[in-house]
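*Asks:* Before I ask anything, here is the structure I am working with.
2 protein chains.
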Amino acid sequence: MTSLGDKGSVQTQTKVLSQGCWTQVSCLCCVSERVEPLVLIQLPDSVQPVTKRWLISLIEASKRHGGAALLAQPGEDECGNVIVVSAPRCTLLRATEDLGLCKKYRNEEMASFSYHDRDNFTNVDDMQEFLTLAERQYIVKIELDSLQAQKKQRIPGVPDALGVLEAWENICQKLVRAGVIKDIFPLHNQQRLNDVCRRWYSKKQIWRQPLDAIQSYFGGTVAFYFSFLQFYTWALVPPAFLGLVLTFLVPGGGGVVKEQAVEGVMEEDDDGPSVSGHMVQAVFSMLWSTLFIEFWKRRSSSLSHRWGTRHLTERFAEPRPGFHGTLGLNPVTGRLEPLFPEWQRQLRVGLVSLPLVGLFLGLVVLGMTGFYHGEALVQGFHQDSGSLFSGALLYLPSIAHTVYTTILKNVYHAVAMQLTKWENHREESSFQNHHITKVLLFTFFNNFAVLFHIAFYKQDLPLLRKKLASLLILNQLVNQCTEVVVPFIVDHFLSAPHKKEQEDDLEVDKLRAQRSLPPFPGLFAEYIELLVKFGYLSLFSCVYPLTAVLLLLNNVTEIPGDAYKICKLFRKPFSAPVSNMGVWQTAFEVLGFVSVMSNCWLLLLSPRVQEFCLEGGISGKNIILVAILVEHVLILVKMILAFMIPAEPDWVRIKREQIEFNSMQALRQQDVTSFIPKHSLA
Amino acid sequence: MTSLGDKGSVQTQTKVLSQGCWTQVSCLCCVSERVEPLVLIQLPDSVQPVTKRWLISLIEASKRHGGAALLAQPGEDECGNVIVVSAPRCTLLRATEDLGLCKKYRNEEMASFSYHDRDNFTNVDDMQEFLTLAERQYIVKIELDSLQAQKKQRIPGVPDALGVLEAWENICQKLVRAGVIKDIFPLHNQQRLNDVCRRWYSKKQIWRQPLDAIQSYFGGTVAFYFSFLQFYTWALVPPAFLGLVLTFLVPGGGGVVKEQAVEGVMEEDDDGPSVSGHMVQAVFSMLWSTLFIEFWKRRSSSLSHRWGTRHLTERFAEPRPGFHGTLGLNPVTGRLEPLFPEWQRQLRVGLVSLPLVGLFLGLVVLGMTGFYHGEALVQGFHQDSGSLFSGALLYLPSIAHTVYTTILKNVYHAVAMQLTKWENHREESSFQNHHITKVLLFTFFNNFAVLFHIAFYKQDLPLLRKKLASLLILNQLVNQCTEVVVPFIVDHFLSAPHKKEQEDDLEVDKLRAQRSLPPFPGLFAEYIELLVKFGYLSLFSCVYPLTAVLLLLNNVTEIPGDAYKICKLFRKPFSAPVSNMGVWQTAFEVLGFVSVMSNCWLLLLSPRVQEFCLEGGISGKNIILVAILVEHVLILVKMILAFMIPAEPDWVRIKREQIEFNSMQALRQQDVTSFIPKHSLA
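Those protein sequences? They're chains A and B, same order as listed. Sequential numbering of the first sequence, starting at 1, is according to full-length UniProt numbering. Sequential numbering of the second sequence, starting at 1, is according to full-length UniProt numbering.
Printed below as a string of structure tokens:
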């Protein structure tokens, strides 16, 4: 028998749930004093009680009977439009093993959790200590997601046209399509949230965020984002310092500037750095970006060891809900599940997705070319006629380009999602990575097309410098507004009555407040912002050395802004345990390599460097050849550096090897036959 | 009791070993009808019987007593200067587990061998079926190599100055230094050897060598070399075909040639391909080299699965004999062994080895520059004076350069070996890879410096073409002589009397014949020859399209030549089980990337391409920029292609994942405590 207590860390939500409402647990070890509400399933107001009862019975049924082996509670009453879901101990522990999470063993080391050996893990009796809130909620989500119809059946209370489940159909997806489930989201735990907030953004903990608490409350993806953000902010200190020194302390080669001014070539812009400053900045930037990424990899691997996510076994788990294929026995695990050949996916990625993405990138370039072409045309026309009409026409190319870009972007986003679905990835992480890569490429291209055009086609460095500075400062201001000022206003003025109301009505169902919040939009926008700014810094740093200073300022305001957003302005997101930043890390790494090329090119274009070379007796053609040589050598140096710095600290490597050694030993001491799928034994 | 039979596959060597001479086995399961002589330890003639007895007792002692748990036999008599060594079943099986070899399980799948579960593996009772000859011999070698003095002791019969073993000192290395062991080498099995020969080179099986038999008799490294050679030969067919077509069937742009001849620029060399031929050749060569390496990776992984070497556990085994460090508990395996921190090795590689190798490469360049400089000087002097003395002086630069190169090469080889030893690699494979990389870089540089000089500094394509053709054809002829004609003569004429003698004296100790053969020089020379020729093909292919045809011819003669050499002209080498070609594969891969750069450059230099561009209205500076762009795009395409083609076939991936899944399951079903080193349990 489970019952709801009204004390402890279980929050106000629980108070509205009358005692004994929770479904019963099936095994003795799962009986607990109090049940913690983890996830809320939002139904439409029109839902039939019979459908709701069916769904609750499905949630509580054991896995053997095709259920999710969770605990459900019908909210205020049988007719309400919510189901609150929790998970019993056994389900949580089994799912922990399936996920491959590492937990603290009794010798204080991290070990892959084993249900068989569960009693040797610390805190295994207190689920709220053993698993983090984010993990418990994620487990509920995957259990719900993995609900499958065991045979063809009807959904009670739903019209026949929508309500027929085929055998092995995913139930949650079907219910969402049929309109029975409006939403599934994890519930905030107000006390813990306040605790995290207090330690995090209220005290402006920018340089030392409570990462473990963030990981525990919001989960792996969010914690990795903030860890990276903090690491990045620290890493920006040296280039910012160098930028300040180069801009304000180094004389700036005034002699050269005057000389140029006399020649009448460059008088309009003489605040660029000197030749040696250029060189120092470019080489430093190259080294810095390599070290940054390599040390982040080390940091990332120790974080993932600390959070027990180094040995996730997603590829051995059940496929993600959207995965489809011919039903068959998985050759590795021997489970019955949809199968889809790897080579077919590779072909789809290579022969369809890749060219299509290329096509869209081409369309971006086409749009930009069209814009410049149109602008030149209109300007010529205006100069010729000078009428009011032609003056108005001047705005046309800009408007047309904006409309074109917006349409293109929306079409691309739809296409990217459809393509990724069609590629039919088995694992959620693989799906995410492919989707993010597609959107990322396009967004990045869209952001940088203008800058690249100025740098490499127009070859106009002063314009590039101005554009870069204005982008950075404008972006900074907009950012400040949207991420710091607006939330501050919302928090301190607009939401004040709401807050008061909350304090008054402790008894009222607070779930409503959470339901009214918009869903968390994901970290894509945050990451792409970081990446684009990292691009400004690494790709064009030798043009505008103050970039790093502006970025540092930006990050310092970004951290509390983002923290406030995720804590207060949105619903709590589901967050999978992850072992790294996934494709974002690769994106930063690739940018590091591209930056070598772009910096070499910018140096080559720099009039002062050209002058310097000409004085040294190197002809125009040979300068290019020298630049190519330097580029190749720098890339080689970068690769050697990356190879030299191990991607994980020694102590993490040793722990990993210990686990590998142990599993090898374990395999040897067992009768191998016991694991071989029966069908493959002759 | 073990005894020697005089029938079965055990060869003539056994006949000279009188019955009952073998040391006794300690456990019942190891008793066998006949003992197969595997390895011969050659002692000096002056060896004391007491030393020999001590060594034999050490070899036969159990591991618990600091022995090697092998079988030994004193040869003809107690005073003879050889010890013949074999291995009992238990030692072989335990070592198979330690190596991590996969063997056939009773369900016909390959599974990591487990001593605990040994009875479920097929052929486990017949060591000659279960393990290959090369594996048995390698196991004897590692057991001998791992002999360690358990306490400080004296070697009986050896003067005190040399004969004191420190505690934990490696015994074999000490005995070699003290002159007690002259040599250790594996014995040929004449019947099996004849069998392999018959199926291999006698029938000129160039296109389909008996790879399994080679792997079984000569071991992994040798088998991988020949597998690669065969794969490479097949892969050369398409480029050879294209080369023939481009050379003889495509008109060759005669109009352009004439035009150039009229201009008086290029009349001396008009047999180069046309612009489109150039382009086709360059792009084809780029694609081909990528596909070649990617498909070889797939082939390599399926071979290593077939040969059971996909899950070698070298890093968990004992360190290689030359490894030193402070004695301590290995944190992973919990064994007492020398420890040496990874970061220190990385530092040594990065801060000492890398700059030193760079220095030597610089010296090569310096030598070449000096040579060209000296030659110009001497030629000028000769033209001025025209005396006999100055005529003789003309040879001086050549001679000086040859002497310089030879000295440099010898110094470098010594330095490379010392550096690699000093880097103190724990695993033999890591030692080999680092050593090979060093020598490889130097040899490659030495071979290509002249060609690069001609291509990139002199920018003289006709000279490059001539040089390339002469190198290839000369090399071909020399190769034919040394690898086919000479062995043929040796085999059919010179060794005839020797053979006759062998046939007469079946009873005589045939070990002597094997002792008289020179030791196998290793595969370095063979691999580097392949690599250099692959370099000719991929780096400069667009200059001389017939390269592939010549290489194909070369390989067709190389295979039987190499096969003959290894079968007849040398002692049998020890050959470790390996899962791939190691660093050689990387070398071929890197060359593929370098080839993109060099081909782009060569196209850029090609006078016809330049003319073609000028006609198209592209200026000299822009041609270079286009070339850079093309280079970067081609490298991107190469990387995408390499990413798209999985490095292992689907079926191999599934098998690998099965094993990983099983070992994860095994670990979960065991009490983790049993594997945690006791010292780390609180």
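Idealized CB from N, CA, C, for every residue including glycine. This structure is a prediction, so every number in the text was calculated from the model and none was measured.
Tell me whether B/D6 is buried or exposed, calling it buried when 16 or more other Cβ atoms sit within 10 Å of its Cβ.
*Replies:* Here residue 6 of chain B refers to the residue found at position 6 of the second sequence. For B/D6, the predicted structure reports a pLDDT of 38, less than 50, and the residue's modelled location is therefore unreliable. The matter cannot be settled from this model.
*Asks:* Name, in chain order, the residues that DSSP records as bridge partners for B/A111.
*Replies:* Residue 111 of chain B sits at position 111 when you count from the first residue of the second sequence. Looking at the DSSP assignment, B/A111 forms a beta bridge with B/K103.
*Asks:* Can a CB atom of chain A be found closer than 8 Å to the CB of B/L388?
*Replies:* Residue 388 of chain B sits at position 388 when you count from the first residue of the second sequence. No - not a single Cβ of chain A is within 8 Å of the one on B/L388.
*Asks:* Once DSSP output is grouped into helix, strand and coil, what is the label at B/D126?
*Replies:* Residue 126 of chain B sits at position 126 when you count from the first residue of the second sequence. Three-state result, B/D126: coil.
*Asks:* Please list the residues of the segment 341-367 of chain A that have a C-beta atom closer than 8 Å to any C-beta atom in chain B, keeping them in chain order.
*Replies:* Listed by position, the residues of the segment 341-367 of chain A near chain B (Cβ gap below 8 Å) are P341, E342, W343, Q346, V349, G350, L354.
*Asks:* Would B/H116 pass as an interface residue toward chain A - the criterion being a Cβ-Cβ separation below 8 Å?
*Replies:* One-based indexing of the second sequence puts residue 116 of chain B at position 116. Closer than 8 Å: yes.
*Asks:* Taking the C-alpha atoms as reference points, what is the distance between A/L546 and A/L43?
*Replies:* Along the first sequence, read from residue 1 onward, the residue named residue 546 of chain A stands at position 546. Along the first sequence, read from residue 1 onward, the residue named residue 43 of chain A stands at position 43. Using only the alpha carbons, I get a separation of about 53 Å.
*Asks:* Tell me which residues share the same chain as B/V357 and place their Cβ nearer than 7 Å to its Cβ, disregarding the 5 neighbours each side in the sequence.
*Replies:* The count along the second sequence starts at 1 and reaches residue 357 of chain B at position 357. Excluding positions up to five away in sequence, the list reads K438, L441.
*Asks:* Can you look up B/N580 in the DSSP assignment and give me helix, strand or coil?
*Replies:* If you number the second sequence from 1, residue 580 of chain B lands on position 580. Here B/N580 sits in coil by DSSP.
*Asks:* Classify A/E267 as buried or exposed, calling it buried when 16 or more other Cβ atoms lie within 10 Å of its own Cβ.
*Replies:* Indexing the first sequence from 1 puts residue 267 of chain A at position 267. Confidence is the limiting factor: at A/E267 the pLDDT is only 38, short of 50, which leaves the residue's position unreliable and the question unanswerable from this model.
*Asks:* Kindly say whether B/Q670, judged by its beta-carbon, lies nearer than 8 Å to any beta-carbon of chain A.
*Replies:* Counted from its first residue, the second sequence places residue 670 of chain B at position 670. Interface residue, yes.
*Asks:* Using DSSP with H/G/I as helix, E/B as strand and the rest coil, what is B/G522?
*Replies:* Numbered from its first residue, the second sequence carries residue 522 of chain B at position 522. Residue state, collapsed to three classes: coil.
*Asks:* With distances taken between CB atoms, is the gap from A/V543 to A/A449 smaller than 8 Å?
*Replies:* Indexing the first sequence from 1 puts residue 543 of chain A at position 543. Indexing the first sequence from 1 puts residue 449 of chain A at position 449. Result no, Cβ atoms of A/V543 and A/A449 do not sit closer than 8 Å.
*Asks:* Which of helix, strand or coil does DSSP assign to A/L70?
*Replies:* Translated into the one-based positions of the first sequence, residue 70 of chain A becomes position 70. In the structure shown, A/L70 sits in coil (DSSP, three-state: anything other than H, G, I, E or B).
*Asks:* Since A/P319 meets chain B, which of its residues come closer than 7 Å, beta carbon to beta carbon?
*Replies:* Working through the first sequence from its first residue, we reach residue 319 of chain A at position 319. Within chain B, no residue comes near A/P319; the closest Cβ sits about 14 Å away, beyond 7 Å.
*Asks:* Using only CA atoms, which one of B/K572, B/L165, B/G350, B/L531 lies nearest to B/R515?
*Replies:* What you label residue 515 of chain B is simply residue 515 of the second sequence in a count that begins at 1. If we check each option's Cα against that of B/R515, B/K572 comes out closest.
*Asks:* Between the segment 37-58 of chain A and chain B, which residues of the former have CB atoms less than 8 Å from a CB of the latter, in chain order?
*Replies:* Listed by position along the chain: nothing, the set is empty.
*Asks:* For A/P186, which three-state DSSP category applies?
*Replies:* Translated into the one-based positions of the first sequence, residue 186 of chain A becomes position 186. In this structure, A/P186 counts as strand in the three-state DSSP scheme.
*Asks:* So, at 6 Å on beta carbons, what are the nonlocal neighbours of B/D98 in its own chain, with the 5 sequence-adjacent residues on each side left out?
*Replies:* The residue labelled residue 98 of chain B in the question sits at position 98 within the second sequence. Closer than 6 Å at Cβ, skipping near neighbours: A317.
*Asks:* What does A/V650 touch in chain B if you count any residue whose Cβ is under 8 Å from its own?
*Replies:* The residue you call residue 650 of chain A lines up with position 650 of the first sequence. The displayed chain sequence assigns Asp, not Val, to residue 650 of chain A. In chain order: P341, E342, W343.
*Asks:* Is the Cβ of B/N599 closer than 8 Å to any Cβ of chain A?
*Replies:* Within the second sequence, numbered from 1, the residue matching residue 599 of chain B stands at position 599. Not an interface residue.
*Asks:* Check the Cβ-Cβ distances between A/T333 and every residue of chain B, and say whether any is below 8 Å.
*Replies:* For the purposes of this step, residue 333 of chain A is taken as residue 333 along the first sequence, with counting starting at 1. Chain B, which has a Cβ nearer than 8 Å to the Cβ of A/T333, makes this yes.
*Asks:* What distance in whole Å lies between the Cβ atoms of B/W296 and A/D650, which are believed to be in contact at a cut-off of 8 Å?
*Replies:* If you number the first sequence from 1, residue 650 of chain A lands on position 650. If you number the second sequence from 1, residue 296 of chain B lands on position 296. Wrong, their Cβ atoms sit about 33 Å apart, outside the cutoff.
*Asks:* Between B/S57 and B/G67, what straight-line distance do the alpha-carbon atoms span, to the nearest angstrom?
*Replies:* Taking the second sequence and counting its residues from 1, one reaches residue 57 of chain B at position 57. Taking the second sequence and counting its residues from 1, one reaches residue 67 of chain B at position 67. Their backbone Cα atoms lie some 8 Å apart in a straight line.
*Asks:* Label B/N123 either buried or exposed according to how many other C-beta atoms from any shown protein chain fall within 10 Å of its C-beta, with 16 as the threshold for buried.
*Replies:* Residue 123 of chain B sits at position 123 when you count from the first residue of the second sequence. Looking at its Cβ environment, which holds fewer than 16 other Cβ atoms inside 10 Å, B/N123 is exposed.
*Asks:* Give me the Cβ distance between A/R177 and A/E648, rounded to the nearest whole Å; I'm assuming they're in contact under 8 Å.
*Replies:* Translated into the one-based positions of the first sequence, residue 177 of chain A becomes position 177. Translated into the one-based positions of the first sequence, residue 648 of chain A becomes position 648. The Cβ separation is near 43 Å, so there is no contact.
*Asks:* For residue 760 of chain A versus A/P397, is the C-beta distance shorter than 8 Å?
*Replies:* Within the shown structure, residues of chain A are numbered from 1 to 682, placing residue 760 of chain A beyond reach of any answer.
*Asks:* Let me check one thing: in DSSP terms, what residues is B/L329 bridge-paired to?
*Replies:* Position 329 of the second sequence, counted from the start, is the residue given in the question as residue 329 of chain B. B/L329 is bridged to B/L336.
*Asks:* Entirely within the segment 197-226 of chain B and at least 3 residues each: give me those beta strand (DSSP E) ranges in chain order.
*Replies:* For the segment 197-226 of chain B, not a single whole beta strand (DSSP E) run of length 3 or above is found.
*Asks:* Under three-state DSSP, which class holds B/L147?
*Replies:* Translated into the one-based positions of the second sequence, residue 147 of chain B becomes position 147. Three-state result, B/L147: coil.
*Asks:* Would you mind working out which of A/L339, A/V332, A/T333 sits nearest A/H324, comparing C-alpha positions?
*Replies:* Taking the first sequence and counting its residues from 1, one reaches residue 324 of chain A at position 324. Ranking the options by Cα distance to A/H324, first place goes to A/L339.
*Asks:* Starting from B/T313, find everything on chain A with Cβ-Cβ shorter than 7 Å and list it in chain order.
*Replies:* The residue labelled residue 313 of chain B in the question sits at position 313 within the second sequence. By Cβ distance, chain A contributes M664.
*Asks:* Could you compute how far the alpha carbon of B/E507 sits from the alpha carbon of B/H188?
*Replies:* Stepping through the second sequence from its first residue, residue 507 of chain B is reached at position 507. Stepping through the second sequence from its first residue, residue 188 of chain B is reached at position 188. Because the pLDDT at B/E507 is just 33, under 50, the model does not fix this residue reliably, and the value given afterwards should be weighed accordingly. Going by the C-alpha atoms only, they are around 16 Å apart.
*Asks:* Does the beta carbon of A/E337 come closer than 8 Å to any beta carbon on chain B?
*Replies:* Working through the first sequence from its first residue, we reach residue 337 of chain A at position 337. By this cut-off, A/E337 is not an interface position.
*Asks:* Rounding to the nearest angstrom, what Cα-Cα distance links B/A642 and B/L530 in this structure?
*Replies:* The residue you call residue 642 of chain B lines up with position 642 of the second sequence. The residue you call residue 530 of chain B lines up with position 530 of the second sequence. Between B/A642 and B/L530, the C-alpha separation is close to 22 Å.
*Asks:* How is A/E228 classed by DSSP in three states: helix, strand or coil?
*Replies:* Working through the first sequence from its first residue, we reach residue 228 of chain A at position 228. For the sequence presented, residue 228 of chain A should be read as Phe rather than Glu. Three-state DSSP puts A/F228 in a helix.
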